[in-house]
Amino acid sequence: MVDYFLSCDWGTSAFRMKLAGLSAGARTIYGAVRHRQGIKPTFKAWQESGGPAADRQAFYTRIIKNGIAELEKLTGLDLTGVPVVISGMASSSIGMIDLPYKALPFRIDGSDLEFRPIALPGGTERACLLISGARTPDDVMRGEETLLVGAAAARPSAETEGLYVFPGTHSKHIHVKNGLATGFRTYMTGEIFELLSRQSTLSQGINAEEKMESPDRDEHFRTGVRQGITGNLLNQAFHTRAWFLADPARRSANFHFLSGLLIGAEIRDLLGEQNLAFTVVADGVLARAYGAALAEAGLAERATFLDTEEALLDGQAAILRIATGLSDDQD
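Numbering-wise, the numbering used here comes out as the position in the sequence shown, counting from 1, plus 173.
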């Protein structure tokens with residue numbers, strides 16, 4: 174009987190692995206490890222190693238096996254044979270295997286996504302599944318397809334028609350209709366904020382180390398949201414420069430304004446979605462920020478929020494069941 178699985182979320186800059194219960198519903202987390210061996214630094218390390226292309230997968234799987242060993246030590250459990258599910262950037266051109274994207278539309282139960290069983294050399298036989306991303310002619314995603322599977326399972330009533338919002342470095346807005354993901358858009362909200370606040374001519378006037386604790390009560394953030402919804406981002410972002418030159422004490426206020434401005438510019442498109450319900454998959458400060466922004470836009474009543482970790486684990490578990498033939502009765 175399989176009681177739990179190893180959830181690996183391998184992003185560009187970070188590696189995360191959790192030992193999670195496989196049963197649907199309230200999912201137990203038995204242990205978690207996280208470190209900075211993301212796909213980008215791992216790819217760089219593999220290139221610098223000078224090894225042959227044939228050894229690339231083995232180079233990456235050593236990191237996976239090290240994560241499993243860390244969890245065994247942390248939990249005191251023997252994880253022999255426990256299945257592993259990997260999503261994120263591990264299936265990309267700089268990952269362990271470059272898997273093709275699934276072209277939209279795809280079923281939001283995960284049954285027709287691209288995934289591949291892989292071997293973990295030198296270890297005990299175990300199921301190990303690598304999940305690929307999805308694409309349209311103009312957009313790509315890796316990781317959000319798995320989050321969507323988990324989020325949709327938590328909201329079966331939204332299968333008919335709705336829009337799922339995944340805030341982040343590259344936010345995704347995914348349209349769902351009749352059980353299918355039919356289209357999506359990417360918004361470079363987080364990346365543009367990072368570039369403007371740390372590397373642009375505006376950065377002198379922005380305290381990039383500022384923390385966003387209560388965006389719903391921050392008037393600078395809310396002003397930014399309103400201007401992002403109604404105005405021109407390329408013009409309004411420069412206001413932070415002028416304000417700083419007039420008042421050098423505005424660096425923290427400019428941080429909150431710029432954050433609100435970019436999120437407002439992103440969610441402006443939601444105003445054209447007529448009466449669609451929105452499911453926002455986020456937690457912590459991002460959930461609070463998007464909640465405050467949607468309230469400013471008059472869209473709060475149409476939004477439901479789901480936890481990112483729960484969506485990830487539910488999505489990975491669902492795809493693992495499909496790939497291995499497990500059913501809920503076998504959890």
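Even glycine gets a Cβ: it sits at the ideal position worked out from N, Cα and C.
Exercise for review: Measure the Cβ-Cβ separation of A490 and V322 and say whether it is below 7 Å.
Suggested key: no
**Study point:** Exposure of D442, with buried meaning 16 or more beta-carbon neighbours within 10 Å
**Key:** exposed
**Study point:** Distance CB(F478)-CB(V453) smaller than 7 Å
**Key:** yes
**Study point:** Other residues of its chain near D391: CB distance less than 7 Å, five sequence neighbours each side excluded
**Key:** H429
Check your understanding: To which residues of the same chain is V313 closer than 7 Å at the C-beta, ignoring the five residues directly before and after it?
Key -> Y274 and G306
Review point. How do the region 229 to 248 and the region 191 to 209 stand: do at least 3 beta-carbon pairs fall below 8 Å, yes or no?
Key: yes
Exercise for review: Determine the DSSP secondary structure at Y177, reduced to helix, strand or coil.
Suggested key: strand
Check your understanding: Near M269, what residues of its chain come up, given a Cβ to Cβ distance below 6 Å and the 5 sequence neighbours on each side ignored?
Key -> Q230, Y233 and A263
**Study point:** Proximity below 7 Å, CB of H348 to CB of T359
**Key:** no
Check your understanding: Taking the Cβ atom as the reference point for each residue, do I259 and L293 lie within a distance shorter than 7 Å?
Key -> no
Exercise for review: Alpha carbon to alpha carbon, how far is G363 from L369? Give it in angstroms, no decimals.
Suggested key: 10 Å
Exercise for review: Quick one: using the 10 Å Cβ neighbour count with 16 as the cut-off for buried, is K217 buried or exposed?
Suggested key: exposed
Review point. In three-state terms, what does DSSP make of G184?
Key: coil
Point to revise | Within 7 Å, strictly: CB atoms of R424 and I365 | key: no
Check your understanding: On the premise that G433 lies in contact with G512, defined as a C-beta separation below 8 Å, what is that separation, rounded to the nearest angstrom?
Key -> Because the chain here runs from 174 to 504, residue 512 falls outside it and cannot be looked at.
Practice item. Helix, strand or coil for I278, going by three-state DSSP, please let me know. Key: Note on residue identity: the sequence assigns Pro, not Ile, to residue 278. Residue state, collapsed to three classes: coil.
Review point. Name the DSSP beta bridge partners of Y360, please?
Key: S344
Review point. Helix, strand or coil for D502 per DSSP?
Key: Bear in mind that a pLDDT of 49 at D502, under 50, signals an unreliable position, so the number given afterwards is only what the model happens to contain. Note: D502 maps to helix in three-state DSSP.
Point to revise | Per DSSP, the bridge partner or partners of S266 | key: Looking at the DSSP assignment, S266 forms no beta bridge with any residue, so it has no partner.
**Study point:** A193 in three-state terms, based on DSSP
**Key:** strand
Point to revise | Minimum length 3: unbroken beta strand (DSSP E) runs contained in the region 440 to 488 | key: 451 to 454 and 476 to 479
Practice item. Would you identify the three-state DSSP class for V398, choosing helix, strand or coil? Key: helix
Review point. CA-CA distance, L444 and A450?
Key: 11 Å
Check your understanding: What do you reckon, are the CB atoms on G352 and G261 nearer than 7 Å?
Key -> no
Practice item. Please report how far the alpha carbon of R315 lies from the alpha carbon of D420, in whole angstroms. Key: 42 Å
Check your understanding: How many Å lie between R461 and R308 at the Cα?
Key -> 29 Å
Check your understanding: Are L431 and T413 touching if we call contact CB-CB under 7 Å?
Key -> yes
Review point. Which residue comes first and which comes last in the beta strand (DSSP E) that contains P290?
Key: F288 to P290
Review point. What's the C-alpha gap between G464 and G224?
Key: 48 Å
Exercise for review: Taking all protein chains shown into account, decide if L272 is buried (16 or more other Cβ within 10 angstroms of its Cβ) or exposed.
Suggested key: buried
Review point. Could you check where the alpha helix (DSSP H) with G159 kicks off and where it finishes?
Key: Beyond the ends of the chain as shown, which are 174 and 504, falls residue 159; an answer cannot be given.
Check your understanding: Helix, strand or coil for D389 per DSSP?
Key -> helix
Check your understanding: Cβ of P256 within 7 Å of Cβ of A300?
Key -> yes
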